[in-house]
Amino acid sequence: MITEFKYQVGDEIKTVTIERDGNQFQVTVDGRVHSVTINQLGQTSLNLEINGQQQQVYVARNGSWRYVALAGEIQVFERVLSNQARRQRLGIGSAIGLDSLAATMPGVVLETLVAEGDQVERGQTLVLLEAMKMELRVTAPHAGQVRKLLCSAGQTVERGQILVEIEAE
Amino acid sequence: MFKKILIANRGEIAIRIIRACQELGISSVAIYSEADAGSLHTLMAGESALIGPPTAAESYLNSNRILEVAHELGCDAIHPGYGFLAENATFAQAVRAAGLSFIGPSAEAIRIMGSKTAARTAMRKAGVPVVPGYQDSNDNEALLVAATEIGYPLLVKAIAGGGGKGMRVVEMASALPEALESARREALNAFGDDQIYLEKYIANPHHIEFQIFGDDAGRVVHLFERECSIQRRHQKIIEETPSPLLNATLRQQMGKAAVAAAKAVNYANAGTVEFLVDDEHNFYFLEMNTRLQVEHPITEMVTGLDLVKWQIRVAAGEPLSFEQEGLSQRGHAIIYAEDPANGFLPDIGPVLQAIEPVGPGIRVDSGITSGDEITMHYDPMIAKLIVLGENRPDALRKMKWALKQYIILGVTTNIPFLRDVTTHAAFRRGETTTHFVEQYFADWQSAGNISDTALLAAALSEMLDNTQTNEQRYPEAATSDPYSPWGQLPKFRVGEQIGKE
């Protein structure tokens with residue numbers, strides 16, 4: 081039996097296929113074939129022998145995200161469940177010349193320094209956020225006009241929440 | 348000795364203090380906010396009490412509520428840890444006024460050292476060298492005149508400041524007014540006090556601090572230095588002791604100055620005197636931290652003393668049992684602070700897996716365990732990794748090994764950054780100044796490569812997990828009813844063909 085998994089790595093989709101024969105696994109990653117034996121399988125840990133080399137690996141999952149610890153390096157990528165899910169995700173984009181500036185981390189809006197309709201310079205601070213005791217600035221990526229101001233002082237915002245929309249001239 | 352201590356803190360330092368209490372046979376009380384319900388420190392303490400909503404102001408900074416809890420639960424002392432109320436003179440005073448012991452210095456010492464300008468005045472009087480500067484007025488005109496006298500570049504600093512908040516480097520006179528304004532705004536936000544002062548900017552300085560310890564009898568000793576030059580945005584990220592910069596003579600001179608600084612404010616309990624050291628080995632008093640510090644474990648490693656236990660003993664009136672002459676440094680210790688970092692911004696989320704390294708000379712002080720949630724409410728420092736080696740190269744090798752075994756999955760941490768810093772050639776040569784990070788690591792980015800092995804392991808674990816779930820879905824003994832017909836069936840799996848070869 082062959083099982084297939086797809087993962088999103090940057091802009092690419094990587095396909096992993098596994099062919100099982102007892103405790104022997106023939107694993108193909110992007111066309112490269114690896115011969116794998118599982119020495120030990122724990123809740124989150126795997127001791128693998130890959131092409132004759134022993135490796136201790138830790139894997140954890142949260143939603144579609146996969147976290148792998150390998151030789152002191154943490155690698156993070158996302159499982160792609162179906163083509164449809166992928167199209168949906170890549171479909172999120174913005175109109176040309178319009179930039180939506182989002183909070184890079186959850187926090188509280190300290191101050192909004194612009195109003196809708198304002199002309200702003202590149203690098204100008206638009207919103208001050210406080211998160212984890214740090215002051216973060218949301219700045220204009222280019223000169224333009226503030227189309228929408230979607231937050232106000234004192235408001236709690238989530239990561240990824242759009243705070244300001246700027247349109248380039 | 349105390350019977351029961353309330354720990355007015357959270358995370359790794361609360362756990363550190365609870366451990367010391369347990370060793371000394373003292374009961375411990377943990378306090379927690381709604382965001383920290385069920386977190387590690389609350390589970391470890393003898394008792395734990397909810398003190399309020401997640402916001403620090405309503406929980407860990409709510410001194411009235413904390414004192415109430417201390418009374419309700421019959422505590423006779425409060426340990427503030429670091430951060431939160433640790434350097435709040437009013438709190439120290441309130442604790443003592445309520446008839447409890449405050450495990451820390453006098454409110455007066457906290458007050459003097461908490462004001463950078465009052466501290467500078469006290470230090471000058473005690474003959475401890477301070478960085479040339481101006482603190483006589485907050486008037487912009489006067490500051491501009493003084494700035495010309497001090498010369499550029501210079502530093503604008505908040506009087507109530509700390510951790511780089513309300514601090515600005517000013518390269519030229521034209522940039523001063525704006526720097527004054529933004530420093531004031533930041534200081535007001537962070538400390539509720541917008542007063543600032545000027546200080547000469549020491550180029551390429553080393554940041555070296557001395558641990559001191561005093562008792563009620565007025566004896567003060569120093570427990571040697573910690574080199575804390577590796578900083579990012581004025582936050583220390585790696586510290587080590589001994590400092591590669593100090594020789595025996597300079598160590599002795601600075602140690603003496605640190606003790607003089609502490610004696611000038613009748614200091615009792617644990618404290619840290621910070622110095623800037625320039626290229627010519629001139630040293631200047633920078634500030635004194637009137638609390639136990641995050642990085643105290645490296646001092647414990649090389650001196651063999653338990654600072655938290657001594658804090659408790661001294662607060663209970665016991666004298667220090669050691670003298671300066673009997674103290675020495677053994678080996679070389681390095682510490683890392685683990686911040687979950689997204690790029691360089693702290694990350695939040697669930698800790699899916701946390702596996703700490705163990706081995707000779709390795710210590711982890713952690714506030715989290717697998718399944719915990721890192722929230723946005725508090726400081727992002729979640730754990731510290733400390734190693735003790737025979738010498739600096741040995742300690743560096745040990746650190747590299749230990750980091751490789753340290754696994755935190757679910758939130759992004761600064762482990763890769765710290766590892767790259769300690770394996771950097773300049774760091775290994777001991778060329779650590781406060782500009783190290785901006786000099787060598789300004790554009791640092793996590794490699795972010797995804798290897799075949801990682802993908803393969805993720806896929807394998809996913810497949811095997813699915814297989815197991817299917818097996819669990821239709822197990823032979825899915826029911827506890829011994830008469831269930833399912834229990835009578837021969838082994839079979841739904842979906843599998845019978846008679847398949």
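In order, the protein sequence lines correspond to chains A and B.
Be aware that the first sequence starts at 81, since it is given in this note's numbering, and climbs by one per residue.
Be aware that the second sequence starts at 348, since it is given in this note's numbering, and climbs by one per residue.
Each residue gets a CB set at the ideal place from its N, CA and C atoms; glycine is no exception.
Just so it is clear, the structure is predicted and the values come from calculations on it, not from any experiment.
Thinking B:P763 and B:D712 are a contact (beta carbons under 8 Å), I'd like their distance in whole angstroms, please.
-> Numbered from 1 along the second sequence, position 416 holds the residue referred to as residue 763 of chain B. Numbered from 1 along the second sequence, position 365 holds the residue referred to as residue 712 of chain B. The Cβ separation is near 21 Å, so there is no contact.
Do you know whose CA, among A:E245, A:Q241, A:R217, A:S232, lies nearest A:V226's CA?
-> As a working mapping, residue 226 of chain A is identified with position 146 in the first sequence. The candidate whose alpha carbon is nearest that of A:V226 is A:E245.
Is the distance from the Cβ of B:E621 to the Cβ of B:I577 below 9 Å?
-> Locating residue 621 of chain B in the second sequence gives position 274, counting from the first residue. Locating residue 577 of chain B in the second sequence gives position 230, counting from the first residue. Contact: no.
By the criterion of Cβ-Cβ separation under 8 Å, what are the contact partners of B:Q640 in chain A?
-> Residue mapping note: residue 640 of chain B aligns to position 293 of the second sequence, counting from 1. Those within 8 Å of B:Q640 in chain A number zero; the least Cβ separation is about 17 Å.
Could you work out which residue in B:G673, B:Y631, B:G618 is closest to B:V655 when comparing CA atoms only?
-> Within the second sequence, numbered from 1, the residue matching residue 655 of chain B stands at position 308. Comparing Cα-Cα distances from B:V655 to each of B:G673, B:Y631, B:G618, the minimum goes to B:G618.
Alpha carbon to alpha carbon, how far is A:I154 from B:N563? Give it in angstroms, no decimals.
-> By 1-based counting over the second sequence, the position of residue 563 of chain B is 216. By 1-based counting over the first sequence, the position of residue 154 of chain A is 74. First, the amino acid is wrong: residue 563 of chain B is Asp here, not Asn. Cα-Cα distance, rounded: 49 Å.
Cβ neighbour criterion (16 or more within 10 Å) applied to B:K463 | Along the second sequence, one-based indexing puts residue 463 of chain B at 116. Counting Cβ neighbours within 10 Å, B:K463 comes out buried, since at least 16 surround it.
Residues from the region 784 to 812 of chain B in contact with chain A, defined by Cβ distance under 7 Å | I797, S798, D799, T800, A801, L802, L803, A804, A805, A806, L807, S808, E809, M810, L811
By DSSP, does A:D179 sit in helix, in strand, or in coil?
-> In the first sequence, counting from the first residue as 1, residue 179 of chain A sits at position 99. It is a strand residue.
Of all the residues that make up the region 695 to 716 of chain B, which are near chain A by a beta-carbon distance shorter than 8 Å?
-> I695, G696, P697, L699, Q700, I702
Where B:G451 and B:A663 are concerned, what is the direct C-alpha to C-alpha distance, given to the nearest angstrom?
-> Here residue 451 of chain B refers to the residue found at position 104 when the second sequence is read from its first residue. Here residue 663 of chain B refers to the residue found at position 316 when the second sequence is read from its first residue. Looking at the two C-alpha atoms, the distance is approximately 11 Å.
CB contact below 9 Å: A:E210 versus chain B | One-based indexing of the first sequence puts residue 210 of chain A at position 130. Answer yes: the Cβ-Cβ gap between A:E210 and chain B drops below 9 Å somewhere.
I think A:E210 touches A:G187, with their Cβ atoms under 8 Å apart; what is that distance to the nearest whole Å?
-> Locating residue 210 of chain A in the first sequence gives position 130, where the first residue counts as 1. Locating residue 187 of chain A in the first sequence gives position 107, where the first residue counts as 1. Right, the Cβ-Cβ distance comes to about 5 Å (below 8 Å), so this counts as a contact.
With a cut-off of 9 Å, does the C-beta of A:T219 fall near any C-beta of chain B?
-> Indexing the first sequence from 1 puts residue 219 of chain A at position 139. Chain B, which has no Cβ nearer than 9 Å to the Cβ of A:T219, makes this no.
For B:K350, which three-state DSSP category applies?
-> The count along the second sequence starts at 1 and reaches residue 350 of chain B at position 3. Residue state, collapsed to three classes: coil.
Label B:I715 either buried or exposed according to how many other C-beta atoms from any shown protein chain fall within 10 Å of its C-beta, with 16 as the threshold for buried.
-> In the second sequence, the residue the question calls residue 715 of chain B occupies position 368. The residue is buried, with at least 16 neighbouring Cβ atoms inside 10 Å.
Sheet register partners of B:M635 (DSSP bridge) | By 1-based counting over the second sequence, the position of residue 635 of chain B is 288. DSSP lists B:V620 as partners of B:M635.
Since B:Y753 and B:E703 are thought to touch, with beta carbons under 8 Å apart, how far apart are those beta carbons, to the nearest angstrom?
-> Residue 753 of chain B sits at position 406 when you count from the first residue of the second sequence. Residue 703 of chain B sits at position 356 when you count from the first residue of the second sequence. Right, their Cβ atoms sit about 6 Å apart.
Tell me, which residues are paired with A:Y87 by DSSP?
-> To locate residue 87 of chain A, count along the first sequence from 1; it is residue 7. Residue pairing by DSSP places A:Y87 opposite A:K94, A:R159 in a beta bridge.
Indicate whether at least one CB of chain B lies closer than 9 Å to the CB of A:V96.
-> Reading the first sequence from its first residue, position 16 is the one you call residue 96 of chain A. Answer yes: the Cβ-Cβ gap between A:V96 and chain B drops below 9 Å somewhere.
Do B:G399 and B:I381 come within 9 Å of each other at the CB atom, strictly closer than that value?
-> As a first step, residue 381 of chain B must be located in the second sequence, where it is residue number 34. As a first step, residue 399 of chain B must be located in the second sequence, where it is residue number 52. Reading the sequence as shown, one finds Glu at residue 381 of chain B and not Ile. The answer is yes: Cβ separation under 9 Å.
Under 9 Å between C-beta atoms of B:H679 and B:E586 = Along the second sequence, read from residue 1 onward, the residue named residue 679 of chain B stands at position 332. Along the second sequence, read from residue 1 onward, the residue named residue 586 of chain B stands at position 239. Contact flag unset, no.
Within the 9 Å Cβ cut-off, does B:K583 reach chain A?
-> As a first step, residue 583 of chain B must be located in the second sequence, where it is residue number 236. Not flagged as an interface residue toward chain A: B:K583, since no C-beta distance is shorter than 9 Å.
With a 10 Å radius around its C-beta and 16 neighbouring C-beta atoms as the bar for buried, classify B:F571 as buried or exposed.
-> Looking up residue 571 of chain B in the second sequence gives position 224. It is buried - the Cβ of B:F571 has at least 16 other Cβ atoms within 10 Å.
Proximal residues to B:Q700 (C-beta, below 6 Å), its chain only, five neighbours per side dropped | One-based indexing of the second sequence puts residue 700 of chain B at position 353. Same-chain partners within the cutoff: S717, L756.
From the beta carbon of A:V137, is the nearest beta carbon of chain B less than 9 Å away?
-> Within the first sequence, numbered from 1, the residue matching residue 137 of chain A stands at position 57. Output row for A:V137: interface = yes.
Is it true that the CB of B:V376 sits closer than 9 Å to the CB of B:L414?
-> The residue you call residue 414 of chain B lines up with position 67 of the second sequence. The residue you call residue 376 of chain B lines up with position 29 of the second sequence. Going by C-beta atoms, B:L414 is not nearer than 9 Å to B:V376.
Kindly list, in the order they appear in chain B, the residues whose Cβ is closer than 9 Å to that of A:H114.
-> What you label residue 114 of chain A is simply residue 34 of the first sequence in a count that begins at 1. Neighbours of A:H114 on chain B, chain order: D799, T800, L803.
For chain B, is any of its Cβ atoms less than 9 Å away from the one on A:E215?
-> Counting from 1 along the first sequence, the entry for residue 215 of chain A is found at position 135. Yes, A:E215 lies at the interface with chain B (some Cβ there is under 9 Å from its Cβ).
Any residues in the region 720 to 739 of chain B with a beta carbon nearer than 7 Å to a beta carbon of chain A? Which ones, in chain order?
-> M723, D726, P727
Can you give me the Cβ contacts of A:A165 inside the same chain, cut-off strictly under 7 Å, excluding the 5 residues immediately before and after it?
-> Taking the first sequence and counting its residues from 1, the one referred to as residue 165 of chain A is at position 85. For A:A165, the predicted structure reports a pLDDT of 48, less than 50, and the residue's modelled location is therefore unreliable. The matter cannot be settled from this model.
Under the rule that 16 or more other beta-carbon atoms within 10 Å means buried, what is B:S484, buried or exposed?
-> Position 137 of the second sequence, counting from 1, holds the residue named residue 484 of chain B. By the neighbour-count rule (16 or more Cβ atoms within 10 Å), B:S484 is not buried but exposed.
Which residues, in order along the region 101 to 125 of chain A, keep a beta-carbon less than 8 Å from a beta-carbon of chain B?
-> F105, V107, V109, D110, R112, H114, V116, I118, L121, T124
For chain A, find out if any of its Cβ atoms is closer than 9 Å to the Cβ of B:E546; answer yes or no.
-> By 1-based counting over the second sequence, the position of residue 546 of chain B is 199. The beta carbon of B:E546 does not come within 9 Å of any beta carbon belonging to chain A, so the residue lies off that interface.
Would you list the one or two residues that DSSP bridges to B:I709?
-> Numbered from its first residue, the second sequence carries residue 709 of chain B at position 362. Its beta-bridge partners are B:V734.
Buried or exposed by the 16-neighbour rule on C-beta atoms within 10 Å, applied to B:K350 | Walking along the second sequence from the start, residue 350 of chain B turns up at place 3. Counting Cβ neighbours within 10 Å, B:K350 comes out exposed, since fewer than 16 surround it.
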